[in-house]
Each structure stands twice: as structure tokens, then as C-alpha cells.
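Trainee: Once you've had a glance at the structure underneath, I'll fire off some questions.
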Amino acid sequence: MKAVLCKAFGPAESLVLEDVASPVTKKNEILLDVHAAGVNFPDTLIIEGKYQFKPPFPFSPGGEASGVVSEVGEKVSHLKVGDRVMALTGWGSFAEQVAVPGYNVLPIPPSMDFNTAAAFSMTYGTSMHALKQRGNLQPGETLLVLGASGGVGLAAVEIGKAMGARVIAAASSAEKLAVAKAAGADELINYSETSLKDEIKRLTDGQGADVIYDPVGGDLFDQAIRAIAWNGRLLVVGFASGRIPELPVNLALLKGAAVLGVFWGSFAQRQPQDNAANFQQLFGWFAEGKLKPLVSQVYPLGNAAQAINDLAQRKAVGKVVVQVR
56 MKAVLCKAFG PAESLVLEDV ASPVTKKNEI LLDVHAAGVN FPDTLIIEGK
106 YQFKPPFPFS PGGEASGVVS EVGEKVSHLK VGDRVMALTG WGSFAEQVAV
156 PGYNVLPIPP SMDFNTAAAF SMTYGTSMHA LKQRGNLQPG ETLLVLGASG
206 GVGLAAVEIG KAMGARVIAA ASSAEKLAVA KAAGADELIN YSETSLKDEI
256 KRLTDGQGAD VIYDPVGGDL FDQAIRAIAW NGRLLVVGFA SGRIPELPVN
306 LALLKGAAVL GVFWGSFAQR QPQDNAANFQ QLFGWFAEGK LKPLVSQVYP
356 LGNAAQAIND LAQRKAVGKV VVQVR
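To get this note's numbering, take the position in the sequence shown, counting from 1, and add 55.
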């Protein structure tokens, strides 16, 4: 089979496309014939040795995939050969086949195509877990989404609206904000042109945002925590800015606020029943037309390096997908 390989930590340009042996499945795994793979921020880190997981060389990046089950291990009971599925792989999806533990695989709705499915699990799974289990977002509350035009950001905008929140979308350009507006955002903040903190306070009559969804970190975290509401919850999702911020804990004390970590991958493994319930709700909203995943660009397998670079340079809106078949 063909696979995009990382043979040493380095930039995306160092990835190579080669023929390799197909994976051998374990008893608790399925073998997936990959049709499409989602591109996510961890892919930009894992190839440079900056992610919390460091697979042995050579490995293929790609943390999520969609496709068709071609083999089923004897300990996997909920799937069969021929099922159309989405899978959380961690890495390995930029390849024609990947072996995946059965607990990380879900059947996809009949109305969902493979490109959409490849763009769905990590962004919507992360944002649903963040807003439901971690943020406890309630109808009528104000949700601020930073990086609102990216994959997880757009998912958070749509899920926030489906949960009954008032959503303020924040992004770095008018073009990106237009994408967030189309996804349902009620208010918009261009933080390249105005003070994020001041705009949050203006749009909330000085009260601040009840829940802040932050996949960006850096300076935006510093401003957002200063505009959080009483009993507010700031969700730490990622650090796309490149800087991990430090928190003056007196700010949390003064607002009775909570800063909560969001690690969907571990949640899915530790609380599989809760994760499955989340996805049943997400699939229901998808069927109702409340969730409309935006796949802005599709790259062939041979151009996976360009897909990773475009994401790393924050050129993409919505999700970027590598099409394998």
C-alpha cells in the first residue's frame, strides 16, 4: 500500500510517499481501507516531535480517517466487513490502510460522504466534549469562540448554537468572520483590528463571556481571561498561536472562574459510553441540518505535505482533507 511517511522529525517537506506493507491487525482492531483523512493541528506537531505522542519511525501522520472496514479482529463485535466508518487513529491515516482499535471506530450516517466523515470526528468530538462535559454550556449563556473559522472553532460555533447559546465568534480577518457568521455566529470580533477584551465587554454589557472556547492560546488567552463572566469557564483546547500562556491565578479567583483542560482523545478512551452518546447527538444534529461541516480544500495523498503546511500557516478555513481513494 502507499503511505506518507515521516522518517525523522522535521518540516512537512521532509515527508515521503512510499510503498509499504499493509498493517497487521490485532484482536481488538479493525483494518480500515482509508478513503479520506482529516488534517488537524496535531499533525503539524507530531512530525516535528512536538506532540505528546512520539510514534516510532517511520510513521504516517493523520489522526482521523474515514473509509470501509476490510478486516475485523475477533474481539471487535460492533463492526463488520463492509461497514462505512470514521476512525480516530492518532496517527497513520495518511495511508491506504490503517489498523485501528475497535473502540475508536464509529459507523457513519448513510447521508454523510467520506470527505465529510474524515473532517468530522476530531473537530466535532473535541468541541462537543468541551462544551458539554467540560464547559457545561447552558441555553441562554454567552459563548465566545476564538479562532472561529478553523476546524474546531467552526464546530464550536455550530454546536454552541445547537445547545441554545448566544455565540460570539472571534477571528483575525473579515473573510474568516464571514465563514463563522454563515455557521450561525450571532456577533463577530475581528481581533486584528480591535481589542478582544474591550469588544467582549461591549457585546456583553460589561458582564463578560460565560464560556470561552480557546484553541489559540497566546495573547488572545491573556485578553479573554480578563473578560470572563462571574462563574465563567475558559476551555483550553490548544495553542495554534504557538505560545502556551501562563495564568495569573488571581484572575480566576476574582471572577470565581474555572480554567478547564480539554483532551478529547483521552476522554474518548476513558469514557467511551459518554463519547458515543455525544456522537449520537452530533449525528442527530447533522441529520437535522444544524451541523454543516465545511471542507474547504481536498488534497490528493501525494500532496499531504502541502495540506499540513497550509494548516500550520493558518491559511485554511474549516477543515482540510487528504483524499486517499
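We put the CB at the ideal spot given by N, CA and C, even for glycine.
Note that this is a predicted model, so its numbers are computed, not measured.
Between the Cα of W340 and the Cα atoms of A240, V376 and A217, which residue gives the shortest distance?
Mentor: Residue A217 is the option with its Cα nearest to W340.
Trainee: At which residues does the alpha helix (DSSP H) containing N385 begin and terminate?
Mentor: Outside the displayed span of the chain (56 to 380) sits residue 385, for which this structure offers no information.
Trainee: Which complete beta strand (DSSP E) runs does the stretch 223-291 hold, if anything under 3 residues is left out?
Mentor: Runs of the beta strand (DSSP E) inside the stretch 223-291: 242-245, 264-269 and 283-291.
Trainee: Taking the Cβ atom as the reference point for each residue, do V266 and L198 lie within a distance shorter than 8 Å?
Mentor: Taking 8 Å as the Cβ cut-off, V266 and L198 qualify as a contacting pair.
Trainee: Closest to R139 by CA distance: which of G157, E119 and L161 is it?
Mentor: Here the closest residue by C-alpha is L161.
Trainee: Going by the CB atoms, is the gap between A229 and V317 shorter than 8 Å?
Mentor: No, these two residues do not count as a Cβ contact at 8 Å.
Trainee: For M167, which three-state DSSP category applies?
Mentor: Three-state DSSP puts M167 in coil, outside helix and strand.
Trainee: State the Cα-Cα distance for the pair A58 and Q326, rounded to the nearest angstrom.
Mentor: The straight-line gap from Cα to Cα measures roughly 31 Å.
Trainee: Buried or exposed: which applies to N333, given that a residue is buried once 16 or more other Cβ atoms fall within 10 Å of its Cβ?
Mentor: N333 should be labelled buried.
Trainee: Under three-state DSSP, which class holds E129?
Mentor: Correct three-state label for E129: coil.
Trainee: So, helix, strand or coil for T197, using DSSP?
Mentor: Note: T197 maps to strand in three-state DSSP.
Trainee: For G219, which of helix, strand or coil comes out of DSSP?
Mentor: Reduced to three states, the DSSP call for G219 is coil.
Trainee: Tell me the DSSP secondary structure of T89 in three-state form.
Mentor: This sequence places Val at residue 89; Thr is not what is there. It is a strand residue.
Trainee: Work out the CA separation of E119 and F82 for me, nearest whole Å.
Mentor: Phe is not the amino acid found at residue 82; the sequence shown has Lys there. Cα-Cα distance, rounded: 21 Å.
Trainee: When the Cβ atoms of the stretch 127-137 are set against those of the stretch 187-198, are three or more pairs found closer than 8 Å?
Mentor: The stretch 127-137 is not in contact with the stretch 187-198.
Trainee: Could you tell me the boundaries of the alpha helix (DSSP H) in which M56 lies?
Mentor: Premise fails: M56 is in no alpha helix (DSSP H) and is neither H nor E.
Trainee: What do you get for N305, buried or exposed, if any count of 16 or more other CB atoms within 10 angstroms of its CB means buried?
Mentor: It is exposed - the Cβ of N305 has fewer than 16 other Cβ atoms within 10 Å.
Trainee: Which residue from A233, S176 and T181 puts its Cα closest to that of G122?
Mentor: G122 has its Cα closest to that of S176, out of A233, S176 and T181.
Trainee: Nearest by alpha-carbon distance to V292: which of K310, A282 and G320 is it?
Mentor: Nearest of K310, A282 and G320 to V292, Cα basis: G320.
Trainee: Classify T144: buried if its beta carbon has 16 or more other beta carbons within 10 angstroms, exposed otherwise.
Mentor: Flag for T144 reads buried.
Trainee: Report the three-state DSSP secondary structure of K374 (helix, strand or coil).
Mentor: K374 falls in the strand class under three-state DSSP.
Trainee: Could you please give me the residues that DSSP links to R380 through a beta bridge?
Mentor: For R380, which the question treats as bridged, DSSP gives no partner whatsoever.
Trainee: The alpha helix (DSSP H) with S176 in it runs from where to where?
Mentor: Where S176 is concerned, the enclosing alpha helix (DSSP H) stretches over S176 to H184.
Trainee: Is the stretch 103-118 touching the stretch 156-171 in the sense that three or more CB pairs, one from each, lie closer than 8 Å?
Mentor: Not touching, per the Cβ criterion.
Trainee: Report yes if the C-beta distance between T80 and E126 is below 8 Å; otherwise report no.
Mentor: Their beta carbons are under 8 Å apart, which means T80 touches E126 by this criterion.
Trainee: Between which two residues does the beta strand (DSSP E) holding A142 run?
Mentor: From DSSP, the beta strand (DSSP E) with A142 extends over R139 to L143.
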